[in-house]
Amino acid sequence: MVVNIDNDFNFLVRKISKSSGIILTGYRDTYLRRRIDLRMKVVGADNYATYSGLLEKNQNEMKEVINALTVNVTEFMRDKTPFMFFREEILPDIMERKKKSRSNMVRFWSAACSYGEEPYSIGICSKEVLPEDWSVSIYATDIDEKCLKGASQGIYSKEQLKNLDPSLTRKYFEPAGEDFKVRSIPKLLIRFQKHDLTSEPPISKHFDAVFCRNVMIYFNENQKIKMLNDFYNSLSDGGYLIIGKSETLPVEIRELFTPVSVKEKIFKKV
């Protein structure tokens, strides 16, 4: 008997997609196989059909494989130099443009925000640079509801804050046992919301900057193009796109953005 491994794998991916609500067809096949194979090794399943049957019976394992596929590795000011560029170059430029239009509000989107370190980092940078009476609105989205729940609580360990200057830790956090909790910051609003970059339209429009760092590496080319077109449409004219240092824009998208910093992978909407 010939076993069609691809059919078994595709059936398994559809099963996980249906259970999680995440459209996994946009993810790279090699990434999905690598992550699923790791879980199969942990539970001792020797093929995709066997593992699919296990998921039918074991909801805890279904949660484990979903967590494995939605990897969330993040910390405050992760890769400090893009945030330094954001503070020193981007925020002053946005502020000057806003003054011309007589606006004192900035809007940002932190896509795939994980446990919330990135949107809070964006907020801290903004409050350090912008005048006190300016409002900062940040949409923070992810496909993982567990991450979003944790992010909305705003409680972090000392290790997660290691990249922050101690003065910023004291200013923007208060002790919470052995951890630290984000203080209530005047005129800073962060909205945490579930959103699937591969299948849903932009969360909103007229953003001054979109952060989507270290996410494209998991997507196939069609989904990268879809996502980047969405970011283009969600940005205000002259808005900024910040991606991960190991990521590149597909050829089909490059005419939509002009490089601002090749080193930091920061682009501006044409």
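For the sequence shown, the numbering used here begins at 15 and goes up steadily by one.
No residue lacks a Cβ here, since even glycine has one placed at the ideal position from N, Cα and C.
**Asked** What number of angstroms, rounded off, separates the C-alpha of P106 from the C-alpha of V143?
**Response** 8 Å
**Request:** For E75, collect the residues of the same chain with a Cβ closer than 7 Å to its Cβ; drop the 5 residues on either side in sequence, then sort them by chain order.
**Result:** V57, L68, L69
**Request:** Please classify I10: does DSSP put it in a helix, a strand, or coil?
**Result:** Any answer about residue 10 is impossible in this case: the structure gives the chain only from 15 up to 284.
**Asked** Between the Cα of W148 and the Cα atoms of E188, C127, I169, L202, which residue gives the shortest distance?
**Response** L202
**Request:** Return the CA-CA distance between R205 and A154, expressed in angstroms with no decimal places.
**Result:** 6 Å
**Message:** Cutting at 7 Å between CB atoms, please list the residues of its own chain near G137, excluding the five before and the five after it.
**Reply:** V150, I152, I199, L202, I204
**Nearest residue (CA-CA) to A125, options K283, N72, N234, R227** = R227
**Request:** Give me the Cα-Cα distance between Y254 and D60, rounded to the nearest whole angstrom.
**Result:** 46 Å
**Message:** Quick check: V229 and S248, are their CB atoms within less than 8 Å of each other?
**Reply:** no
**Request:** Could you tell me which uninterrupted beta strand (DSSP E) segments, each at least 3 residues in length, are contained entirely in the segment 105-161, listed from first to last along the chain?
**Result:** 119-125, 149-156
**Prompt:** Out of curiosity, what's the CA-to-CA distance linking T272 and E131?
**Reply:** 27 Å
**Message:** Does L83 come out as helix, strand or coil in the three-state DSSP assignment?
**Reply:** helix
**Item:** Identity of the residues DSSP links to I285 by a beta bridge
**Value:** As shown, the chain starts at 15 and ends at 284. That puts residue 285 outside it, with no answer to give.
**Prompt:** If you draw a straight line from the C-alpha of H209 to the C-alpha of P216, how long is it?
**Reply:** 9 Å
**Asked** Taking the alpha-carbon positions, what's the M15 to L83 distance?
**Response** Note that M15 has pLDDT 38, beneath the 50 cutoff, so the model's placement of it is unreliable and the number below is only indicative. Approximately 31 Å between the Cα atoms of the pair.
**Request:** Helix, strand or coil for I231, going by three-state DSSP, please let me know.
**Result:** helix
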